[in-house]
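Going down the list, the protein sequences come from chains A and B. Mapping to the numbering used here: the first sequence position 71 is 72, numbers consecutive. Mapping to the numbering used here: the second sequence position 269 is 270, numbers consecutive. Backbone N, C-alpha and C define an ideal beta-carbon position, used for all residues, glycine too. All values reported here derive from a predicted model rather than from experimental measurement. What follows is a set of notes on a single structure, which appears directly below.
There are 2 protein chains.
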Amino acid sequence: MKLEEILSPVQNELPLVTESLGQVADVDFPQFADVIRQALGARGKGVRPALTLMAGKFNDYNLEHLIPMATAVELLHTASLVHDDTIDKSPLRRGIPTLYSTLGDNAAIMAGDYLFAKSAELAAMPGNLRVVRLFAKTLMDLAKGELEETLSVFNWQQNREDYFRRIDGKTAALFAMAAESGAILSNSPEEEIQALKNYGHYVGLAFQVVDDLLDFTGDEETMGKPVGNDLLLGVLTLPSLLYVEQNPDGNLIKKGFESNGEGPDLKQAIAEIKGSSLIDESFAIARNLVEKAQSSLQPLPDNDSKKALLGLADFVFIRKK
Amino acid sequence: MKLEEILSPVQNELPLVTESLGQVADVDFPQFADVIRQALGARGKGVRPALTLMAGKFNDYNLEHLIPMATAVELLHTASLVHDDTIDKSPLRRGIPTLYSTLGDNAAIMAGDYLFAKSAELAAMPGNLRVVRLFAKTLMDLAKGELEETLSVFNWQQNREDYFRRIDGKTAALFAMAAESGAILSNSPEEEIQALKNYGHYVGLAFQVVDDLLDFTGDEETMGKPVGNDLLLGVLTLPSLLYVEQNPDGNLIKKGFESNGEGPDLKQAIAEIKGSSLIDESFAIARNLVEKAQSSLQPLPDNDSKKALLGLADFVFIRKK
Numbered sequence: 002m003k004l005e006e007i008l009s010p011v012q013n014e015l016p017l018v019t020e021s022l023g024q025v026a027d028v029d030f031p032q033f034a035d036v037i038r039q040a041l042g043a044r045g046k047g048v049r050p051a052l053t054l055m056a057g058k059f060n061d062y063n064l065e066h067l068i069p070m071a072t073a074v075e076l077l078h079t080a081s082l083v084h085d086d087t088i089d090k091s092p093l094r095r096g097i098p099t100l101y102s103t104l105g106d107n108a109a110i111m112a113g114d115y116l117f118a119k120s121a122e123l124a125a126m127p128g129n130l131r132v133v134r135l136f137a138k139t140l141m142d143l144a145k146g147e148l149e150e151t152l153s154v155f156n157w158q159q160n161r162e163d164y165f166r167r168i169d170g171k172t173a174a175l176f177a178m179a180a181e182s183g184a185i186l187s188n189s190p191e192e193e194i195q196a197l198k199n200y201g202h203y204v205g206l207a208f209q210v211v212d213d214l215l216d217f218t219g220d221e222e223t224m225g226k227p228v229g230n231d232l233l234l235g236v237l238t239l240p241s242l243l244y245v246e247q248n249p250d251g252n253l254i255k256k257g258f259e260s261n262g263e264g265p266d267l268k269q270a271i272a273e274i275k276g277s278s279l280i281d282e283s284f285a286i287a288r289n290l291v292e293k294a295q296s297s298l299q300p301l302p303d304n305d306s307k308k309a310l311l312g313l314a315d316f317v318f319i320r321k322k
Numbered sequence: 002m003k004l005e006e007i008l009s010p011v012q013n014e015l016p017l018v019t020e021s022l023g024q025v026a027d028v029d030f031p032q033f034a035d036v037i038r039q040a041l042g043a044r045g046k047g048v049r050p051a052l053t054l055m056a057g058k059f060n061d062y063n064l065e066h067l068i069p070m071a072t073a074v075e076l077l078h079t080a081s082l083v084h085d086d087t088i089d090k091s092p093l094r095r096g097i098p099t100l101y102s103t104l105g106d107n108a109a110i111m112a113g114d115y116l117f118a119k120s121a122e123l124a125a126m127p128g129n130l131r132v133v134r135l136f137a138k139t140l141m142d143l144a145k146g147e148l149e150e151t152l153s154v155f156n157w158q159q160n161r162e163d164y165f166r167r168i169d170g171k172t173a174a175l176f177a178m179a180a181e182s183g184a185i186l187s188n189s190p191e192e193e194i195q196a197l198k199n200y201g202h203y204v205g206l207a208f209q210v211v212d213d214l215l216d217f218t219g220d221e222e223t224m225g226k227p228v229g230n231d232l233l234l235g236v237l238t239l240p241s242l243l244y245v246e247q248n249p250d251g252n253l254i255k256k257g258f259e260s261n262g263e264g265p266d267l268k269q270a271i272a273e274i275k276g277s278s279l280i281d282e283s284f285a286i287a288r289n290l291v292e293k294a295q296s297s298l299q300p301l302p303d304n305d306s307k308k309a310l311l312g313l314a315d316f317v318f319i320r321k322k
């Protein structure tokens with residue numbers, strides 16, 4: 002199933018989110034408006050705002066609250082990408098020049114800050130304090146997850162829990178918030194709010210595990226970066242962690258990290274991991290997370306939105322190749 | 002009068018803000034706690050949180066709401082300094098190594114993001130939606146003011162309005178929010194809320210004008226940067242703008258900016274400005290802003306807090322030398 006089909010229950014509403022995002026750029030200072038438009042130009046297919054809208058379909062589907070919230074979710078994601086691109090010194094995102102490359106790092110940091118602030122303003126629009134607090138907490142989780150990754154670079158003494166805590170912060174928290182906020186703003190009963198929050202959490206984790214796996218299984222040309230790039234930069238993802246777990250002493254990652262990535266060890270480790278069963282083991286873990294996401298939906302009544310959410314969880318794997 | 006004396010109406014409460022800031026560092030990840038403690042170590046004398054507390058003294062002085070809000074105000078200020086230091090590549094702040102210098106720019110960007118998020122969470126603690134929205138707006142103003150400054154570097158075609166809009170965003174908005182939020186959270190009548198907001202706005206503008214003047218009147222050794230540093234970096238502040246206004250054609254700043262600061266023109270412009278009446282004219286404008294701040298307080302009843310606020314506005318000039 003294509004993503005467009007999966008998102009069909011909210012196909013009429015997603016353009017309203019795009020429109021509402023466009024209004025974010027309507028600011029008094031023209032040069033500034035261009036900056037915002039550029040950042041928004043590189044957005045993806047809108048999975049996160051779709052999640053908010055679909056989570057709202059089980060009870061009071063109130064677009065006056067859900068559209069600003071879905072916009073806040075997408076804008077928060079955009080803001081974090083602006084800072085990520087600045088940190089990674091990325092020239093392009095989805096083929097569009099990043100703010101970092103056009104404006105330099107200083108203006109890009111400020112533009113990201115502005116987008117964070119604007120998303121906070123949008124999240125406050127429905128006037129729901131629980132959502133406002135959830136939003137602030139998610140922003141903290143995001144920054145904490147990213148910071149933890151940065152601070153643990155070239156540290157091989159990490160375990161699976163460290164990894165899952167990091168990706169929970171940097172990815173799953175936003176998916177969980179997207180779903181939970183939609184449930185809250187449609188006045189769902191607490192059991193359904195928790196079900197949708199858990200769904201978002203597990204889909205987010207699975208999404209990031211698969212994304213990290215692409216770093217090993219993708220090819221250099223499509224990805225625009227070398228195979229095993231994360232590991233070369235000192236970042237441990239699931240397959241590398243499984244490798245370290247299974248080779249506690251004197252392994253190549255330990256050797257490579259101890260020399261800060263100098264020498265042939267990490268390249269050799271990447272080749273070993275790629276040729277091993279660790280890739281399949283990692284996919285099995287992602288599969289398990291997708292199943293947890295799907296079974297989280299159990300308390301919800303059957304409707305088109307539930308069907309779409311079940312399909313969206315499986316979609317995580319379509320990005321596999 | 003010393004600042005400590007001016008702040009005496011809230012001298013017992015300011016340590017509670019410091020304590021509450023200390024708790025911000027109590028996070029699960031020890032390395033992260035160190036990062037936060039370091040950022041908080043370089044804080045100033047607490048004028049902004051004192052403003053929130055003093056603004057709360059005219060009606061229901063409820064510390065359960067005012068302490069988290071005052072903490073949010075100070076933390077928002079700290080977060081913006083972390084990003085400023087990263088942008089300016091500053092090694093030290095108040096003699097303490099910046100996060101930028103200890104951790105590098107990547108981790109410093111993330112740590113700033115975390116502090117912004119944490120301040121948003123604290124601002125939501127009193128459960129007042131008007132304050133939450135005011136907070137988000139202030140965060141936007143801050144980022145917009147800074148970005149506007151960055152984007153207008155080496156552009157000599159600016160006027161006084163551009164300057165006041167920029168410093169309103171980057172400085173006065175936070176002073177105004179500090180005072181306004183204290184007034185709102187103590188259930189003040191609307192007239193008093195507006196009075197305190199205007200007071201904060203004008204004090205903030207005066208504060209920044211004087212701060213910018215120090216760049217011309219201070220000495221290189223005390224400031225740790227060359228006299229006229231802003232202008233050398235392509236940033237127009239009030240005296241430079243008055244100079245451009247009074248010399249519309251063929252002035253040294255135009256020449257210097259057109260060559261991006263290369264050549265002797267800007268150094269010469271700095272010497273001309275320093276020796277001219279423009280410094281006194283700028284101080285007169287700041288004095289006028291302080292008077293506006295003080296007369297904004299007119300609708301408020303006389304009490305210790307009002308007396309302190311009147312004194313605090315004058316304090317702006319004690320930094321004059």
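For residue 134(B), the residues of chain A that pass the 8 Å Cβ criterion are 122 and 125, in the order they occur in the chain.
Residue 99(A) has a beta carbon lying at 7 Å or more from every beta carbon in chain B. 84, 87 and 88: these are the residues of the segment 66 to 90 of chain B whose beta carbon lies less than 7 Å from some beta carbon of chain A, given in chain order. Restricting attention to 316(A), 199(A), 63(A) and 163(A), the CA atom closest to the CA of residue 127(A) is found in 63(A). The shortest C-alpha to C-alpha distance from residue 309(A) to any of 3(A), 106(A) and 7(A) is the one to 7(A). Membership of residue 134(A) in the alpha helix (DSSP H) is indicated by the continuous run 130 to 152. Taking CB atoms only, residue 198(A) has no neighbour in chain B less than 7 Å away. Using a Cβ-Cβ cut-off of 7 Å, residue 178(B) does not count as an interface residue toward chain A, since no Cβ of chain A sits closer than that to its own.
Contact between the segment 68 to 84 of chain A and the segment 15 to 27 of chain A is present: 3 or more CB-CB pairs across the two stretches fall below 8 Å.
At a cut-off of 7 Å between beta-carbon atoms, residue 271(B) makes no contact with chain A. In this structure residue 313(B) does not touch residue 245(B) by the C-beta definition: roughly 32 Å separates them, more than the 8 Å allowed. Proximity of residue 216(A) to chain B, defined by a Cβ-Cβ separation below 7 Å, is not satisfied. Look at the beta carbons and you see the segment 269 to 278 of chain A touching the segment 230 to 250 of chain A: at least three pairs across the two are nearer than 8 Å.
Taking a beta-carbon distance threshold of 7 Å, residue 164(A) does not count as an interface residue toward chain B.
By the criterion of at least three beta-carbon pairs nearer than 8 Å, the segment 200 to 217 of chain A is in contact with the segment 158 to 177 of chain A.
Residue burial annotation: residue 295(A) is buried, with at least 16 other C-beta atoms found within 10 angstroms of its C-beta. If you check each beta-carbon in the segment 137 to 161 of chain A against every beta-carbon of chain B, the ones closer than 7 Å belong to 137, 138, 140, 141, 144, 145, 147, 148, 149, 151 and 152. For the segment 245 to 296 of chain A, the full-length alpha helix (DSSP H) segments reaching 4 residues or more read 253 to 259 and 266 to 275 along the chain.
The C-alpha of residue 196(B) lies about 21 Å from the C-alpha of residue 47(B). Between the segment 76 to 84 of chain B and the segment 108 to 119 of chain B, the count of Cβ pairs shorter than 8 Å is three or higher; the stretches touch.
Exclusion of the five residues before and after residue 236(B) leaves 150 and 154 as the residues of its chain whose Cβ lies within less than 7 Å of its Cβ. Using a Cβ-Cβ cut-off of 7 Å, residue 231(A) does not count as an interface residue toward chain B, since no Cβ of chain B sits closer than that to its own. Comparing alpha carbon positions, the residue from 33(B), 131(B) and 229(B) closest to residue 270(B) is 229(B).
In chain order, 148, 151 and 152 make up the part of chain A whose C-beta sits under 8 Å from the C-beta of residue 108(B). Residue 119(B) reaches chain A at 141, counting residues in chain order whose Cβ is nearer than 7 Å.
A direct Cα-to-Cα measurement between residue 285(B) and residue 38(A) gives close to 41 Å.
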